[in-house]
Each structure stands twice: as structure tokens, then as C-alpha cells.
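Those letters in the sequence shown? Residues 14 to 596, per our numbering, in order.
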Amino acid sequence: MVRTVDITTTSQWRTLQALGAAHTELGLRRMFVGDPSRVSRMTHEIGDLVVDLSKHLVTPEIVEQLLGLARFVGLTDQVRAMAAGERVNTSQDRPALHMALRAPPDAVVVVNGRNIVEDVHRVLHQMDKFTRCVRAGEWLGATGRPIDTVVNVGIGGSDLGPAMAYEALAAFHHRQLRCRFVANIDAADLESALVGLDPATTMFVIASKSFVTSETIRNAISARRWIVDRLGAAAVGRHFVAVSANAQAVEAFGIGPENRFDLWDWVGGRYSLGSAIGLSLMLAIGPEAFRDMLGGFRTVDEHFESMPLECNVPALLGLLGVWYRTFCDLPTRAVLPYCHGLRSFPTYLGQLDMESNGKRAGVNGAPISYNTGAIVWGEAGTRGQHSFHQLLHQGTTVVPADFIVMARPSHPTRSVDREVHETEAHNDQLVANCLAQSTALAFGRTAEETAADTAPALVGHCTFPGNRPSTMIMAPRLSPSVLGQLIALYEHQVFTQAAIWGINPFDQWGVELGKTLANSILADLNASATNEQNPMSAAITSTTVGLQPAATNEQTSVSAASHGNHDASTTALISRYRSMNTG
Ligand code: F6P
């Protein structure tokens, strides 16, 4: 939504600037003692999630001013516009309809005169049929044997979501079917994924919305060679399927239309786990569990669309993100899942949040004058406690943190026998650590308290400042539905932040320059290798562009054309590379 009034001129913005400048004077100990209802007032339930916001460095006045900003930007109307299919991704002139991916079959969302919910359910049905067939051992490879390994080849949103969810939902895996994920252009990634695999029982899922992403196409070509060399060219149809919006490029690669699972330009890569990009996940956990995950997404979508702002959890989380980043000038946010299954969740959220909100131009393209997107990072607890938590507790930078914890351990992994007994005892210890970390961060330990049991010379070292804010998210157990709820919670937090900042969270122009330069450098690294290195380039360049405005594909071409006029440093490094590479 293009604004007519500059948000920085509003009274709420000015008040928050003053409050933010004084945020170091806020004291969580004082706020807890002064308001016995703080915890119940600031703890929310959304689906299966309990979200405790009481340990945030905010007063009722700050929350009220933040809500005022949400009202000023018309957050509720913006959510409605997104859900209704308006072209909220303005720089690419597209809707952003990830919520339609989890809409019930009778919902109606019209885009260009077409009810796209019908398309969504048509593809879900195709996925359902295909995954049942593979999981039942009825899909036979070229030699007549069933598939036992799925290799997902994709990058960014076509990898991070399915890979993270595959790990998270290990308890739901099919016993005889495992998945591996290949993303990096470094050959070591594909090579290590192929170790020990039998081509006769391996299926590749090439996941790329655009089907021109250089890493994915390079890896797909190498994977195809691996199959063709061992099973012959005719085997490709039994060992490759594609998830892509680019029918032409998929066909040029050698995958027939019956083995392509469609998606659409109104699904952003980082919002696409609920689409056919989740095919590898569905193969692993089955269509029922996949639909449970979609149901979890939907629970939070409905909450986001219908709840008043004061108790709208994703909106409140987004407003807190704006408070810390823009008004308190805190550059990063840590995501700390105390749940081994969620160990890749911080990386997944890194793309979701930073590719969406890491922007310095407003919706109208003009530079904005305040800080946007935080750096999102993290690690599973308790591992992080033994590496970077020192800085969280006593460093000079305050890092707001999100803790995520499950009340009960995951179900036993189906694909391996349970080796670890006393799981409940492990879980109690895990949860105790999680709660202890958020307590220590929030309330710290004063010098007087420290002096009671510490040698005087160590008091300065052993004092904890406290007032380090955190969210605590607790759920009963990491089920497919809970995972869907968590993801949707963060998607809508990201949307809320973008709405306040006045940026478009659905484009990612910042990734394009590097791709264009890599293509021109590639040509100069080994001038004779251009087309051999990119055998797909002829098939796909017609669909691609470089840095072009609106409505273009998300990707640039993989074809390499030297410009030859690099800066002095890059030219020297190219020359060093050539001599080291041949020496
Ligand atoms: O380079 C950024 C990006 O466009 C991401 O937004 C996307 O998730 C990723 O590349 C992969 O894109 P594709 O699915 O088209 O290969």
C-alpha cells in the first residue's frame, strides 16, 4: 500500500522514538512486581501454541503506541487485501497468496477471473496420488524396483522449507523411504547426498519454481547424468519429477508434463512449503500428515485475519519486531528452538524474514529513513548455550530472543529403532534449560545478589544485567499441525513488520545483482566452458532476464556472457584462480 502520509510524522512514531531512546531504563523486575496481572495479560493462546510475551521490554503505553501504528497503516485492511488476492506484491505486479495454499476446497479466491483454490486442490490431489503410489512401493524405477530414496534438488525456498520440515517431522517418516536434500552448487553437496544410493531405487524431485536457478539446474543435470550413465536415457521418466511453474523448461529437461507438479507466480519461494514444493516432505510423511500441517497453517491464518489487533498474536510479534529494530536500534534477533527437530528452523526463518524485510526502499521505490529487517539467526538449545549464549547474557549488544519449546518429546522416529530411553528425563532437562535461559536473560543477577556467594574480585564478572527480552512459545508436541502453526505465525509476523515499515515483503531484487555478476565472472573463469558448463542455457534463456522491472521471473539466466570489465580486485582474483586451478 503506497502511503499518502509519512508514518514518521505521526504522533505514535514520535512518541515511540522518545520511548525507544529511553528503553534501557525499562526494568523487567520492576514491571513484574508492579503488575501482578502482567503474565496473564501478555500470554496468548493461538491454536496449540502458548505465546508468553511478558518478558518483553514494553509497557502498556508502548504497546498502545505500536498498535496505533498498526491502525495508522491499516494493517487489518492490508491482511484482507492480501487474502483476497489483490496485487500486494507491487514491484512484480502479483498477488501473494500463500494463504490460499491452505484454504479449504470450498474457499474462493479469484485471480484473473479464475478460482485459484481449485488449482491448489487439483495439484494437492495429484501430489496425493503420486505420493501414495511411491509410498506403497507401486511406483517402479527403470529396473522394476520400488523407490527407497528421494533426493530433493532445489535451493532457497525450494529447499529450506522441505528440508527443515523433513527434519522436524522425523517421527512421521515412512519406514522404507528416506529423503536427502541437495542445494549447494558445490559438487560436494550432490556427491555426499548420492553416497550409498542405488540409482535403481532413487527418485529425484527437481524443485524450482522458475526452473532457471543456476544451482538447481546444474545439480539436476549432474543428477540426470548419474542416472543415465547407470540406467540409460530411458530411465529419466521413472526417476525424475519436477515441481515448477515453468512447463517449457521442465519439458526441455526431459520430464514429461504428467510428472510436473504445478505452482504459480503468486506463491513466493519462501512462502511455498504448503505448495507442491512440499512434495518431498509429503513423500516422507504421507498425504494425511501433510494435510494436518496445512490445517495448522490455516488455524493461524484464520486468527491473523479475524482477531482484533490487541490480541492478534502474529501482529503483536510483528509490532515487537518493529519496536526493537526501529525504535530501540537492536540489529539482530535470535531464534532458539529447544527442540532438536527444529534445529534448522532458524535458518528457514532467516530466509523468510531477511529476504522479505531486508530492504531499504519503500513500496514506491524511494529510500526509507529508518531501520528495517533485523538479522535473524539462531541455533537449537541447549547447543547454543555452550557457544554464543555468553554474549546474549553479558555482551554489550542486546539480542531479543524467541524461545520455542515442546512440552512432550517427539514420537519415536519411525525409521530407526529408538536407541535413547528415558526420553522424558531428557525432555525435563531440556525444558528446564530453556526456561532458565529466558529467566536469566530477563531478570539477570545484580551485583548485590552476586556478592552474596562470589569472591569480591569476581563480582563484576558474575553479574548479569538482565532486561534482555524474549518471547516464549510452548506447544504440546512437534506435530505436523504445530509445525504449520509455527511457520504461519512467523510469516504473518514478517507481513506485519513490512506493513509498518511500508516495504514490499514479497519481492527480492537484492539477490539479482550477484547472479548477473556471477554469470559474467563465470565466462571469464574459463572462457571455453560457457555452454558446456550450462547445457540448459539454450533451453531456458528465452524465459529469463537480468535486472528488469516488474512481472519478470524471479530468477536470472544461467547463461554466461563475459563483460570482461571487472574491477581490479576481481580481475586479479580471476587470474589467481586460473593459475591455481590449472597449476
Ligand atoms: O534467489 C532467490 C530465490 O528467488 C528465492 O526467493 C527462491 O526461494 C530461490 O531463489 C529458488 O528459486 P526457484 O524455486 O525458482 O529455483
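Beta carbons are placed, not taken as given, at the ideal position from N, Cα and C, and that holds for glycine.
Note that the coordinates shown come from a computational prediction; the quantities given were computed from them, not determined experimentally.
Item: Exposure of Ile129, with buried meaning 16 or more beta-carbon neighbours within 10 Å; Value: buried
Item: Ile198 Cβ short of 7 Å to the ligand F6P heavy atom set; Value: no
Item: Inside the segment 394-480 only - alpha helix (DSSP H) runs reaching at least 4 residues; Value: 402-407, 436-456, 460-464 and 472-475
Item: Per-residue DSSP class, three states only, for Ala116; Value: coil
Item: Inter-residue spacing [alpha-carbon to alpha-carbon] between Tyr231 and Asp202; Value: The identity of residue 231 in the sequence shown is Arg, whereas the question assumes Tyr. If you take the alpha carbons of Arg231 and Asp202, they lie about 12 Å apart.
Item: Proximity to Cys146 [Cα-Cα], best of Ile160, His134 and Met485; Value: Ile160
Item: Rounded separation between Trp336 and Leu29 - CA only; Value: 8 Å
Item: Sequence-distant residues of its chain with Cβ nearer than 7 Å to Val76 (five each side left out); Value: none
Item: Own chain, CB closer than 8 Å to Ile20, minus 5 neighbours either side, in chain order; Value: Trp26, Leu82, Phe85, Val86, Ile513 and Gly515
Item: Chain-order list of residues whose beta-carbon lies under 7 Å from that of Arg107 (same chain, five-residue window excluded); Value: Arg100, Asp278 and Trp279
Item: Assigned exposure category for Gly33 - 16 Cβ within 10 Å defines buried; Value: buried
Item: Where Met112 falls, given that 16 or more other Cβ within 10 Å makes a residue buried; Value: buried
Item: Close-in-space but distant-in-sequence residues of the same chain around Val444 (CB under 6 Å, 5 per side omitted); Value: Val418
Item: Contact set for Glu131: own chain, Cβ-Cβ below 6 Å, skip 5 residues either direction; Value: none
Item: beta-carbon Val600 near the ligand F6P non-hydrogen atom, thresh 7 Å; Value: Given that the chain is displayed from residue 14 to residue 596, the structure contains no residue 600 and the question cannot be resolved.
Item: Exposed unless 16 or more other CB atoms sit within 10 angstroms - verdict on Thr557; Value: Bear in mind that the predicted position of Thr557 carries a pLDDT of just 34, short of 50, making it unreliable; the figure below should be weighed with that in mind. It is buried - the Cβ of Thr557 has at least 16 other Cβ atoms within 10 Å.
Item: Per-residue burial, Thr484 [other beta carbons within 10 Å of its own, 16 or more giving buried]; Value: buried
Item: Counted within 10 angstroms of its Cβ, other Cβ atoms place Met142 as buried (16 or more) or exposed; Value: The displayed chain sequence assigns Lys, not Met, to residue 142. Exposed: under 16 other Cβ atoms inside 10 Å.
Item: Cβ pair His69, Val313 closer than 8 Å; Value: no
Item: Integer-rounded CB distance, given that Leu294 should sit under 8 Å from Ala178; Value: 5 Å
Item: Rounded Cβ spacing between Ala420 and Met487 (contact assumed at less than 8 Å); Value: 6 Å
Item: Neighbour-count burial assignment, His138, 16 or more Cβ in a 10 Å radius; Value: exposed
Item: Helix, strand or coil at Cys341 [DSSP, three-state]; Value: coil
Item: Three-pair Cβ contact test at 8 Å for the segment 37-51 versus the segment 350-366; Value: no
Item: Proximity test, Gly167 beta-carbon vs the ligand F6P heavy atom, cut-off 7 Å; Value: yes
Item: Thr360: first and last residue of the uninterrupted alpha helix (DSSP H) it sits in; Value: Phe358 to Leu362
Item: Cys146: first and last residue of the uninterrupted alpha helix (DSSP H) it sits in; Value: Ile129 to Arg148
Item: Nearest candidate by alpha-carbon position, reference Tyr361, set Gly378, Ala393, Gly334 and Pro344; Value: Ala393
Item: CB contact flag (Thr7, Leu210, <8 Å); Value: Because residue 7 is not part of the residues shown, which for the chain are 14 to 596, the question remains open.
Item: Nearest-angstrom Cα separation, counted from Gly523 out to Ala585; Value: 26 Å
Item: Continuous alpha helix (DSSP H) stretch holding His252: start and end; Value: Val249 to His252
Item: Environment of Arg346 [buried if 16+ CB atoms lie within 10 Å]; Value: buried
Item: Three-state secondary structure assigned by DSSP to Asp9; Value: Only positions 14 to 596 of the chain appear in the structure, and residue 9 is not among them; the question remains open.
Item: Nearest residue (CA-CA) to Leu502, options Glu74, Thr339 and Leu365; Value: Leu365
Item: Beta-carbon spacing of Thr395, Asn446 below 8 Å; Value: yes
Item: Chain-order list of residues whose beta-carbon lies under 8 Å from that of Ile587 (same chain, five-residue window excluded); Value: Ile534, Asp537, Leu538 and His579
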